[in-house]
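Residues in the sequence shown are numbered from 7 upward in steps of one, following this note's numbering. Cβ atoms here follow ideal geometry from the backbone N, Cα and C, with glycine treated the same way.
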Amino acid sequence: MKIKVPFSPPDITGEEISRVVEILRSGWITTGEKTRELERQLASWCQTNRAVCLNSGTAALELTLRLLEIGPGDEVITTPYTYTATAAAILHTGATPIFVDLAPGSMEMDPGQVEAAINSRTKAILPVDLAGIPCHYPAWIALAKGYNGDFSPRGKIQEALGRIAVIADAAHSFGGAREGVPSGSLADFSCFSFHAVKNLTTGEGGAVTWRSLPQVEDDWIYQRFQLLSLHGQNRTALEKSTGGWEYDILLPGYKCNMTDLAAAIGLGQLARFEEMQRRRMQRIDWYDQAFAGTPIEPLSHHGEGIQSSGHLYMVWIPGDEKRRNQVMETLKERGIMANVHYKPLPLLTAYRALGYKMERYPRAYERYQNEITLPLYSQLSGQQVAYCASALRELIPF
Ligand SMILES: Cc1ncc(COP(=O)(O)O)c(C=O)c1O
């Protein structure tokens, strides 16, 4: 019997729907009180003083880089094993992404190669919490602190940090933790995505949290994000609507604020988040059990000290890229919508045109060529997990 298994539909219930309807009826649908409420709840979840909501994870990354005044002439070290958003955000600011290959047997960058790539132009290290597993931030921060070559800070935040910043691409890791420290509190700045396939969705959306700096008030950082995300306007639309029309533009900013409609979905999701996470991790365990003792090698979501958000169920199968693509085709014929995370950036036209060469990142290629990401979401049924697992097992003889 053929069963249809989509890749990752959102888990939306009456909880989200009634909150959205309330906003639609309220007379205020753009950024307002619901966005502020979501920010307060996200900060509490991440154990930070503040959080700022934006309209995407890409905006979260880009505005964080802009807050840090990273731009032309600067370098940001990141992984080629990610989605284009990570590197595109760096490119948008005029800075240069410096790709570093994965460490042996790991999905994180190679620390030795990161160290070798650091120079006086390096302004940030940007690790990616692939599949929801928070990176080893204490080690990345120690590495940034350990660099004692030239570092000329630009702007208030870089000065306060006094070193290369560590920015988490935490697009996948909301709900994860390392040694009990939640994603959002691990790096200097953490950038979340609430895109439709993420564990917590607002349709499209994102947020930034940060570790407080002794020399810079959280409120200053928060206000700076507000300015950057809303045209540099000194008063929000809500303030204008209730307190008079006049405003000033303090800088030619961007436009990437979250709406109260999106925030209402997020608040509904947060109210159900623990239960959604429990179901997600249970499905990971079911898959893990089905693949135990087979040549199908799943990414472990259970490393020491790691609490994964369980965002993606990634497996590696024996064989090469061609074989993997054949297997994916057969899965599709059987109604299973699998995916690949990720096609390393140097394999993509835009990055090849910028001069990045795949040959320089052999470990990223090796991890990509036989990787398959299976459907995973909180409403996936036991029957669907069993169907996907046995379809893949049948295709991989052992
Ligand atoms: C690793 C990674 N970084 C950044 C992003 C960007 O997030 P958004 O789609 O919310 O802009 C994504 C989105 O899928 C992602 O997977």
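The continuous beta strand (DSSP E) containing P103 extends over residues 102-105. Secondary structure at Q239: strand, using DSSP grouped into helix, strand and coil.
In the three-state scheme derived from DSSP, where H, G and I count as helix and E and B as strand, S158 is classed as coil. Looking at the DSSP output, S199 shares a beta bridge with G212. DSSP, reduced to helix, strand and coil, places Y357 within a helical segment of the structure shown. Around the beta carbon of H307, 16 or more other beta carbons sit within 10 angstroms, so the residue counts as buried.
No beta strand (DSSP E) of 3 residues or more sits fully in the segment 222-297. 9 Å or more divides the Cβ of M320 from the Cβ of L44.
Ligand 1 has a heavy atom closer than 8 Å to the beta-carbon of G212. Assignment of N331 by DSSP, reduced to helix, strand and coil, places it in the helix class.
Annotation for T41: the continuous alpha helix (DSSP H) segment containing it runs 39-52. Rounded to the nearest whole angstrom, the CA to CA distance from Q164 to T128 is 12 Å.
Around the beta-carbon of M7, fewer than 16 other beta-carbon atoms lie within 10 Å, marking it exposed. For W34, the three-state secondary structure derived from DSSP is coil. By alpha-carbon distance to S218, the top candidate from G190, A243, V203 is G190.
Taken in chain order, the whole beta strand (DSSP E) runs of length 3 or more contained in the segment 342-398 are 377-380.
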